[in-house]
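Protein chains in written order, with this note's numbering: chain A, 1 to 502; chain B, 1 to 502. The next block holds one structure in the form of structure tokens; read it before the comments.
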């Protein structure tokens, strides 16, 4: 019976453990009940006698009993004492449950996992989970040379940044702790509005600006709001594979939008294109080819989009950096028909660990996006938004950009000179001198996927152009070099070592 | 002809504007081309003569021409000079485009918006956009008395927090600037793993912990991965309306899971429930009723979920705060079949503006969630994750929790005493003394929606119970009071004023 069982044999109390004794006793009794060593309805010893048996204080027992009573494992009948709850389901089921210390739980998890069906992914879930292997990057403190989308972090003005963090930290008041507008902190939205107006020719009101966790979230929310499963999307070929994955995760059926030296060519699309609900383009600095979309192509595309009532995503990820000429103004600024969804990334303007970007939507859809931000996501922590705001508002971003443009230009020059010197007959550069990457076609008979493997083995992270290909055209055999995260010297030395791989 | 047109009459240069002259000239010529005042193919004046005409330096003209050449508005024929690009689409289409300063663009946007079809929302998009009016909160620095989900911000240890921000700010190195693991910073995930193990009886490995932007994102991602449109979800009735909106936004068909004094009762669900893919519950402290799910009910539900292979969302939003007894351990810790998705919010433990929470998923789905975080979202800025990590790792969170528990208990007491004193025959409290809110049924013949309107008019933000109702049962007529964001004195005075409204 309960009284007998609940002895020193069953309840192991260990005074050396940091777990308090009443908690150990609670766990022991709970386990005895769940394992059915204590039968439903059986009586428990009086607190005094159990305390004596276990040589602990009576309060320890009282605390343990109270908790078990509160949780429903035990019931108390006035006068007649404490019993195991009769209404607990029967032993068979019980045995399947886990209990005891977290350690044991963690240890047993894999085993118990085996003997039960796991939660299944939905069709939608499988689309999200089904990502290319290319999507499995390695995370190191120091990004590997030639990694993509990383600015010259070694030149980031940490002193300025940390001062703003310190000042903002000091300025936190209890008024800055409560719930904020899910779409973003208005002063930052205003600053982004002004900034993009000045440097990218954007035309918008601050309400149209949403602060995101980066471009991926912006693409995801936009395609979620505009697309149903199976809808057609015109996607640059070759085009940014992460964007492609985000669109596919939302059930988009991608149709190639050919890209040549003048950028994406809507004219080259066949009749099926006319069913497209959305066009994804990187007009200012095409990813991955790096070409700039000509003004004819831009006007053509916007006109086509208007005639076929198609929305346009303009991914303007790194276009503030242009080295041979000033950056081309945004497509959004040229679109008077309010169908462009403009996206920018502060990860490239400032640094990736910030994980912040912005999405500028047509005024007619501001309400819909506000709802989306409230229900399925929200803008980043107020503190980070305030720090970024101060960095922009105090003129640091503009200064930083001008400085970075020079630094990136030097790194770009180092890259193309090194390629010209060490790989003249192996690689042919394409695209314009801009942004944070440069792409080269492979002139020898070697698939890029094989080459990047070899290059990875000597410690560099170069991307294969074919990863961005929709049609797997033989033309899409090349290497995509990021030049932001290495000094000219590193870059030159890196290319020299890569040349040895060929 | 171009030469004639391009005179002082067309190009207005204003030396007082902060816009540089070459930019003004560029804009003027670009506009003249887009407005077709300059015909396609017409010749532009030589830089020297235009400079003289406009009384500006030749370099200013050269810069403007270069930019227009780069953008494709102009073409240069060696020897014969500079011309407007013949290949630009014809005037009719052109006229529809916008140009000029951002201000004008913004001004004309509404007009031009009118004469073109707007991007349409998809069916999925309409679901996201279709949110209850209840979802439109007002954002003030100081939350209104009785607002929900807000802890005692006036007692938050700002000094400790700002010191950590300062120290972390000082410690930022260029190695902390690059891309981070999308699922969250591992040291924080480990800290959350330990913390939930200790205080909520969670059993998991750090890899199962994902750092989210809050509970809404956790619910959204989970339902996205587990549900297809039209799938059935068992949802507490009454239940947390924001969670309901997130599930509906993902196309879930909600089936009521009745809640009584012992919490959600799976036994009370009819056969249709057996098709459910997912169950959403708040077992430790039910929202909105505040009841605690009995151990029988927990075991029953987990057993039912196993037999019908149903996944379970455990929303554990505020259960570290329990005043009459220690908090009930989590359902996740009782579930050995790895089907529970556990969610917590740091907005309630720390402060809402932080916008951070965590999601603990079954080990079998870690890979799928990692993909989701990479493609459609990502964990918050590294800096904030580090600050939160330090706050937990240095023992501040545990201290803070114990302190807050006392403070919240006092505020809770003030609330129930005031209701007992000022509204004894009007309101009847339900649920347990726990969390950050308390709910009361209305005993008089008045709909809660009418009452909260009246209460809002005297400046307090009380929620109507009926907002959380799926079945609109007459039983769901009540008031939900948040007691975290007011001193006992405020709360008592507030209830007294509310009593006058009845």
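No residue lacks a Cβ here, since even glycine has one placed at the ideal position from N, Cα and C.
Nearest residue (CA-CA) to residue i, options the options
i                     : options                       : result
residue 234 (chain A) : A:241, A:278, A:207 and A:261 : A:278
residue 422 (chain A) : A:382, A:392, A:494 and A:42  : A:494
residue 241 (chain A) : A:453, A:280, A:231 and A:268 : A:280
residue 462 (chain B) : B:193, B:448 and B:250        : B:448
residue 391 (chain A) : A:354, A:445 and A:42         : A:354
residue 453 (chain B) : B:502, B:416 and B:424        : B:502
residue 35 (chain B)  : A:334, A:399 and A:432        : A:334
residue 500 (chain B) : B:208, B:299 and B:455        : B:455
residue 398 (chain B) : B:192, B:70, B:57 and B:147   : B:192
residue 358 (chain B) : B:46, B:189 and B:295         : B:189
residue 214 (chain B) : A:450, A:431, A:31 and A:376  : A:376
residue 123 (chain B) : A:419, A:250 and A:474        : A:250
residue 345 (chain A) : A:236, A:362, A:163 and A:212 : A:212
Own chain residues within Cβ distance below 6 Å of residue i, not counting five before or after
i                     : result
residue 332 (chain B) : 202, 314, 340 and 342
residue 200 (chain B) : 330
residue 133 (chain A) : Any answer about residue 133 (chain A) is weak, because its pLDDT of 48 lies below 50 and its placement is not dependable; what the coordinates show is given next. Nothing listed; no residue qualifies.
residue 486 (chain A) : 145
residue 472 (chain B) : none
residue 306 (chain B) : 337
residue 81 (chain A)  : 43
Interface partners of residue i on chain A, CB under 9 Å
i                     : result
residue 220 (chain B) : 375, 376 and 377
residue 66 (chain B)  : 325 and 326
residue 356 (chain B) : 381
residue 231 (chain B) : 122
Where residue i meets chain E, residues with beta-carbon distance less than 7 Å
i                     : result
residue 224 (chain B) : In the displayed structure, chain E is absent; the protein chains listed are A and B.
Proximal chain B residues relative to residue i, where beta-carbon distance stays under 9 Å
i                     : result
residue 165 (chain A) : 165, 166, 168, 169, 170, 172 and 383
residue 367 (chain A) : 129
residue 401 (chain A) : The premise fails here: residue 401 (chain A) is roughly 16 Å from chain B at the closest Cβ pair, so nothing lies under 9 Å.
residue 343 (chain A) : Within chain B, no residue comes near residue 343 (chain A); the closest Cβ sits about 14 Å away, beyond 9 Å.
Chain-order list of residues whose beta-carbon lies under 8 Å from that of residue i (same chain, five-residue window excluded)
i                     : result
residue 15 (chain A)  : 21
residue 253 (chain A) : 230, 231, 232 and 233
Residues that residue i contacts on chain A, provided the C-beta gap is smaller than 7 Å
i                     : result
residue 245 (chain B) : 375
residue 239 (chain B) : Simply none; closest approach about 15 Å.
residue 150 (chain B) : 178
residue 162 (chain B) : 169, 170 and 172
Same chain, Cβ closer than 7 Å to residue i, neighbours up to 5 away in sequence not counted
i                     : result
residue 156 (chain B) : 351
residue 484 (chain A) : 150, 151, 152, 408, 411 and 436
residue 348 (chain B) : 149, 151, 317, 318 and 436
residue 135 (chain B) : With a pLDDT of only 47 at residue 135 (chain B), under the threshold of 50, the placement of this residue in the model should not be trusted; the figure read from the coordinates follows. Once the five neighbours on either side are set aside, the close Cβ partners of residue 135 (chain B) are 245.
residue 63 (chain B)  : 22
residue 168 (chain A) : 383, 386, 387 and 390
residue 91 (chain A)  : Its pLDDT being 44, under 50, residue 91 (chain A) is placed unreliably in this model, and the value from its coordinates should be taken loosely. Answer for residue 91 (chain A): 36, listed in chain order.
residue 115 (chain A) : Residue confidence for residue 115 (chain A) is low, a pLDDT of 42 falling below 50, so the modelled location carries little weight; the figure read from the coordinates is stated next. Closer than 7 Å at the Cβ level, and outside the excluded window around residue 115 (chain A), lies no residue.
residue 465 (chain B) : 238, 288, 439, 448, 476, 477, 478, 479 and 480
residue 107 (chain B) : Residue confidence for residue 107 (chain B) is low, a pLDDT of 35 falling below 50, so the modelled location carries little weight; the figure read from the coordinates is stated next. Result list for residue 107 (chain B): empty, nothing under 7 Å.
residue 93 (chain A)  : Summary for residue 93 (chain A): the model assigns pLDDT 43, below 50, so the residue's position carries little reliability; its value from the coordinates is reported in the next sentence. Cβ within range, chain order: n/a, list empty.
Interface residues of chain B facing residue i [CB-CB closer than 8 Å]
i                     : result
residue 353 (chain A) : 176, 177, 178, 179, 180, 381, 382 and 383
residue 142 (chain A) : 175 and 178
residue 24 (chain A)  : Near residue 24 (chain A) there are no residues of chain B at all, since even the closest Cβ is about 14 Å away, more than 8 Å.
residue 371 (chain A) : 128, 129, 130, 131 and 135
Proximal chain A residues relative to residue i, where beta-carbon distance stays under 8 Å
i                     : result
residue 214 (chain B) : 378
Proximal residues of chain B, C-beta to C-beta of residue i below 7 Å
i                     : result
residue 71 (chain A)  : 295 and 328
residue 153 (chain A) : 174, 177 and 178
residue 235 (chain A) : Neighbours of residue 235 (chain A) on chain B: none; closest Cβ ~15 Å, over 7 Å.
Anticipated Cβ contact below 8 Å, residue i with residue j, distance rounded
i                     : j                     : result
residue 379 (chain B) : residue 183 (chain B) : 6 Å
residue 442 (chain B) : residue 427 (chain B) : 6 Å
Closer than 7 Å, Cβ to any Cβ of chain A: which residues of the region 265-295 of chain B, in chain order?
Within the region 265-295 of chain B, 294 and 295 place their CB atoms closer than 7 Å to a CB of chain A, listed in sequence order.
Any residues in the region 324-336 of chain B with a beta carbon nearer than 9 Å to a beta carbon of chain A? Which ones, in chain order?
Cβ proximity to chain A below 9 Å picks out 324, 325, 326, 328, 329, 333, 334, 335 and 336 from the region 324-336 of chain B.
Could you run through the region 296-311 of chain B and flag, in chain order, every residue whose CB is less than 8 Å away from some CB of chain A?
Per Cβ criterion, the list reads 296, 299, 300, 302, 303, 306, 309 and 311.
If the cut-off is 7 Å on Cβ atoms, which residues from the region 175-199 of chain A count as contacting chain B, listed in chain order?
For the region 175-199 of chain A, the set of residues with a beta-carbon nearer than 7 Å to any beta-carbon of chain B comprises 175, 176, 177, 178, 179, 180, 181 and 197, in chain order.
Using a Cβ-Cβ cut-off of less than 8 Å, give me the residues of the region 465-486 of chain A that come near chain B, in sequence order.
Within the region 465-486 of chain A, those residues whose Cβ lies closer than 8 Å to any Cβ of chain B are, in chain order, 485.
Give, in chain order, every residue of the region 41-52 of chain B whose Cβ lies closer than 8 Å to some Cβ of chain A.
Along the region 41-52 of chain B, there is no position whose C-beta sits under 8 Å from a C-beta of chain A.
What residues in the region 393-424 of chain B bring their beta carbon closer than 7 Å to a beta carbon of chain A?
Taking 7 Å as the Cβ-Cβ cut-off against chain A, none of the residues of the region 393-424 of chain B qualify.
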